[in-house]
Ligand SMILES: NC(=O)c1ccc[n+]([C@@H]2O[C@H](COP(=O)([O-])OP(=O)(O)OC[C@H]3O[C@@H](n4cnc5c(N)ncnc54)[C@H](OP(=O)(O)O)[C@@H]3O)[C@@H](O)[C@H]2O)c1
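Numbering (our numbering), first residue to last: 3 to 254.
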């Protein structure tokens, strides 16, 4: 299937590793021109080199801490300048924030800045141009809705879901779609190094929770994201689509 993405432009956050990097690689394969952003320039360069090695144009790289509202505005401006407009925004930056029951406000605020407000702000910065052009795609990488313990990132991702659903209604008639893709367990630095650091802990989790029998790869998230970014997906909006190998916590 031709996703008709050739020549479109995209800004991908969290593109220096894991899911965001996988999304950047797949969008580049589909002929999308990219601006990739994260805080770590070296890791962004590594992903950009992989994209060039695959035969594609080198993506533009912009480093920014997206928990800083001013940095988000500058990022939006710079990205729109580089690609003469952004057709597709992928909000992939984020990180788990497990916590005890008494975490203070600063902890919760940081988790929300990183996992919710950054995506909302960046979307608000890019949305006016999308509405003007009557075309745009916003894809948010979210998370579980059935946490098994307290995690401030899960609460922020829940905000992302409900914000995206509301926004999707407001802009649906203007050619702009807003969707979320919810990962189950996807192989990435934060999953392998922090959440499941040993092969034994991975296998135990998989046996109990993942019918598909393995963690997913960033590309598994990326194929869904690329489809949602495509002109073909114009009638899909306000959706939260799991990519989780059948993990479906809510079904237990
Ligand atoms: N992997 C999973 O199974 C899973 C499960 C649930 C939810 N998720 C969500 O999926 C998304 C991607 O996660 P991942 O697993 O691929 O993790 P990852 O490999 O750790 O990637 C996280 C990305 O976010 C960027 N980032 C973190 N803090 C940032 C900041 N302050 N400013 C700008 N960029 C920042 C990181 O870049 P730098 O380090 O270079 O800044 C990195 O590129 C996240 O939103 C995560 O919450 C993943």
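C-beta atoms are modelled at their ideal positions from N, C-alpha and C, and glycine is treated no differently.
Inter-segment contact for the region 239-251 and the region 180-194 is present: three or more beta-carbon pairs are separated by less than 8 Å.
Close CB contacts of residue 153 within its chain, under the 8 Å cut and outside five residues either way in sequence, are with 98, 99, 100, 101 (chain order).
Residue 13 is positioned such that its CB atom lies no closer than 8 Å to that of residue 26.
Counting along the chain, residue 63 sits inside the beta strand (DSSP E) bounded by residues 62-65. In this structure residue 144 is in contact with residue 159, their Cβ atoms being roughly 4 Å apart against a cut-off of 8 Å. The Cβ atoms of residue 124 and residue 85 lie no closer than 8 Å to each other. Within the same chain, and ignoring the five residues on either side of residue 71 in sequence, the residues whose Cβ sits closer than 7 Å to its Cβ are 123. Beta-bridge partners of residue 90 (DSSP): 12, 139. In terms of Cβ geometry, residue 141 and residue 234 do not form a close pair [threshold 8 Å]. Per DSSP, residue 103 lies in no alpha helix (DSSP H) and is assigned neither H nor E. Burial is judged here by how many other beta carbons sit within 10 angstroms of a residue's own beta carbon; residue 199 has fewer than 16 and is exposed. Relative to ligand 1, the beta carbon of residue 192 is positioned inside 7 Å of a heavy atom. Within the chosen limit of 7 Å, ligand 1 does not reach the beta carbon of residue 100 with any heavy atom.
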